[in-house]
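Participant:
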Amino acid sequence: MSLTKALTFLAVVVLASAANRRTPEEARQIALRVLESVPLVDGHNDLAMNIRQLADGKLSNVDLSQNLTDNPFWQGCNNCHTDIPRLRAGMVGAQFWSAYTGCRTQYLDSAQWTIDIIDIIKRFTTRHSADFKFVTTAQGIWDAFNEGKIGSLIGVEGGHSIDNRISVLRQFYDLGVRYMTLNHVCNTPWCDSSPVDDPESGIAPNLNGLSDFGVTVIREMNRLGMLVDLSHVSKAAQIQTIGVSRAPIIFSHSDAFALCNHHRNVHDDVLQLVRDTNSIVMVNFYNYYVTCSGSGTIQDVASKTKAFLL
Numbered sequence: 002m003s004l005t006k007a008l009t010f011l012a013v014v015v016l017a018s019a020a021n022r023r024t025p026e027e028a029r030q031i032a033l034r035v036l037e038s039v040p041l042v043d044g045h046n047d048l049a050m051n052i053r054q055l056a057d058g059k060l061s062n063v064d065l066s067q068n069l070t071d072n073p074f075w076q077g078c079n080n081c082h083t084d085i086p087r088l089r090a091g092m093v094g095a096q097f098w099s100a101y102t103g104c105r106t107q108y109l110d111s112a113q114w115t116i117d118i119i120d121i122i123k124r125f126t127t128r129h130s131a132d133f134k135f136v137t138t139a140q141g142i143w144d145a146f147n148e149g150k151i152g153s154l155i156g157v158e159g160g161h162s163i164d165n166r167i168s169v170l171r172q173f174y175d176l177g178v179r180y181m182t183l184n185h186v187c188n189t190p191w192c193d194s195s196p197v198d199d200p201e202s203g204i205a206p207n208l209n210g211l212s213d214f215g216v217t218v219i220r221e222m223n224r225l226g227m228l229v230d231l232s233h234v235s236k237a238a239q240i241q242t243i244g245v246s247r248a249p250i251i252f253s254h255s256d257a258f259a260l261c262n263h264h265r266n267v268h269d270d271v272l273q274l275v276r277d278t279n280s281i282v283m284v285n286f287y288n289y290y291v292t293c294s295g296s297g298t299i300q301d302v303a304s305k306t307k308a309f310l311l
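Heads up, the sequence shown is in our numbering, so the first residue is 2 and it goes up one at a time.
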């Protein structure tokens, strides 16, 4: 995200929260001061997956310090949007890098593939240590921010990655993983994914929410200190998880269902539970979740986010 886009986004939020008492330029200056004084945390980024797919995980071909539009390596990748110049221009304070492997690896080698992605994240963080600092705590985010670096954290996207074993979950934590999304686009034996809420998806619920083992997973994440992420999770499982979890949950990349009725977005009654439990929804910028169409702008994201505040 460019600095201009980041400031436009925050300025709209500031204007909404102040009941339009400020001019756009006043709101922009407030947004700039916020970004300079408080770390802006992005909850989801698939850069590591792109590096695995395009470079087979080899960092020798990947220069994150270069503007990706000037690097032939990234040409033709429509899903590639991240480089250090963009992160700096957008004043990102901390980034959760996604350790993701597709649902096709479920019941096969999902844990192995996830570890490969974790390895990529740790290597590019070390390679660019002048800009990134690997952190695992809230204090670590602040420490990186105060050093002028971008705090780098890991989130596992998809509970299929633990291969139905609590031991794998614990080892992911030891490797530095600090949140896990309970699903991706597939059900696991212990948690239903969000496509079950879409009659046209062709995916039926296995459990109508969580199994007993799913409850055990959540309780163990609570014990470890790993955030429970409900993006990609069915509505029934969302509600059950919020009721079970002893800590606030997150939606790492979701929007509001009332504004765009996609199964990946959060229903109003669940948003109420989010508020009641001091949980958080981190806004997704994907067009089809923001406007339910193939087109969208930063202004669309900002105006949709404003609705959360009214």
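Virtual Cβ for every residue (Gly too), placed ideally from N, Cα, C. Since the structure is predicted, the reported quantities are computational estimates derived from the model, not experimental observations.
#1: Nearest CA to the CA of GLN113: which residue from TYR101, ARG124, ARG128?
#2: The beta strand (DSSP E) that contains MET181, what's its start and end?
#3: Work out the CA separation of ALA95 and LEU41 for me, nearest whole Å.
#4: So, does the region 151-168 touch the region 211-221, judging by three or more C-beta pairs under 8 Å?
#5: Taking the runs of the beta strand (DSSP E) that are 3 residues or longer, which of them lie wholly in the region 113-145?
#6: Report the start-end ranges of each beta strand (DSSP E) in the region 41-123 that is 3 residues or longer and not cut off at the edges.
#7: Please report the Cβ distance between ALA145 and GLY152, rounded to the nearest whole angstrom; I am assuming they are in contact, meaning their Cβ atoms lie under 8 Å.
#8: DSSP state of HIS185, grouped into three classes?
#9: Look up LEU272 in the DSSP assignment and say whether it is helix, strand or coil.
#10: Suppose you measure from the CA of VAL234 to the CA of LEU260; what does that come to, to the nearest Å?
#11: Relative to the C-alpha of ASN279, which residue among ASN285, PHE252, HIS268 is closest?
#12: Just how far apart, CA to CA, sit SER130 and PHE97?
#13: Taking all protein chains shown into account, decide if ARG276 is buried (16 or more other Cβ within 10 angstroms of its Cβ) or exposed.
#14: Smallest Cα separation from ASP120: which of LEU154, ASN80, ILE85?
#15: Under 8 Å, with one C-beta from each stretch per pair, do the region 47-63 and the region 74-83 reach the 3-pair mark?
#16: Using the C-alpha atoms, what's the distance from THR83 back to LEU48?
#17: Tell me whether SER246, by its Cβ, gets closer than 6 Å to a heavy atom of the ligand MG.
#18: Can you name, in chain order, every residue of its own chain whose Cβ lies under 8 Å from the Cβ of ARG53, other than the five neighbours on each side?
#19: DSSP three-state label for VAL284, please.
#20: Just curious, the beta strand (DSSP E) that GLY152 is in, first and last residue?
#21: Would you be able to state if there are at least three C-beta pairs under 8 Å between the region 196-210 and the region 132-149?
#22: Given that a residue counts as buried once 16 or more other Cβ atoms are within 10 Å of its Cβ, and exposed if not, what is CYS192?
Facilitator: Result, derived from the coordinates:
#1: The shortest C-alpha separation from GLN113 is found at TYR101.
#2: Under the DSSP assignment, MET181 falls in the beta strand (DSSP E) whose first and last residues are 178-182.
#3: Distance between the alpha carbons of LEU41 and ALA95 is about 6 Å.
#4: The region 211-221 and the region 151-168 touch, with three or more beta-carbon pairs separated by less than 8 Å.
#5: Runs of the beta strand (DSSP E) inside the region 113-145: 133-135.
#6: Counting whole runs of 3 or more residues, the region 41-123 contains the beta strand (DSSP E) stretches 41-43, 93-101.
#7: Separation of the CB atoms of ALA145 and GLY152 is rounded to 4 Å, and the pair is thereby assigned contact status at 8 Å.
#8: The answer is coil: DSSP assigns HIS185 none of H, G, I, E or B.
#9: If DSSP states are grouped into helix, strand and coil, LEU272 belongs with the helices.
#10: Those two C-alpha atoms are separated by around 18 Å.
#11: Checked all of ASN285, PHE252, HIS268; the closest Cα to ASN279 is PHE252.
#12: Each residue's alpha carbon lies about 16 Å from the other.
#13: The residue in question, ARG276, is exposed, as its Cβ has fewer than 16 Cβ neighbours within 10 Å.
#14: Distance from the Cα of ASP120 is smallest, within the candidate group LEU154, ASN80, ILE85, for LEU154.
#15: Enough Cβ pairs lie closer than 8 Å, so yes.
#16: About 7 Å.
#17: Although the ligand MG was asked about, the structure shown includes no ligands whatsoever.
#18: These residues qualify, in order along the chain: ASP117, ILE118, ILE121.
#19: When secondary structure is reduced to three states using DSSP, VAL284 falls in the strand class.
#20: GLY152 -> beta strand (DSSP E) spans 151-158.
#21: Contact fails: fewer than three Cβ-Cβ distances are below 8 Å.
#22: Burial is judged here by how many other beta carbons sit within 10 angstroms of a residue's own beta carbon; CYS192 has at least 16 and is buried.
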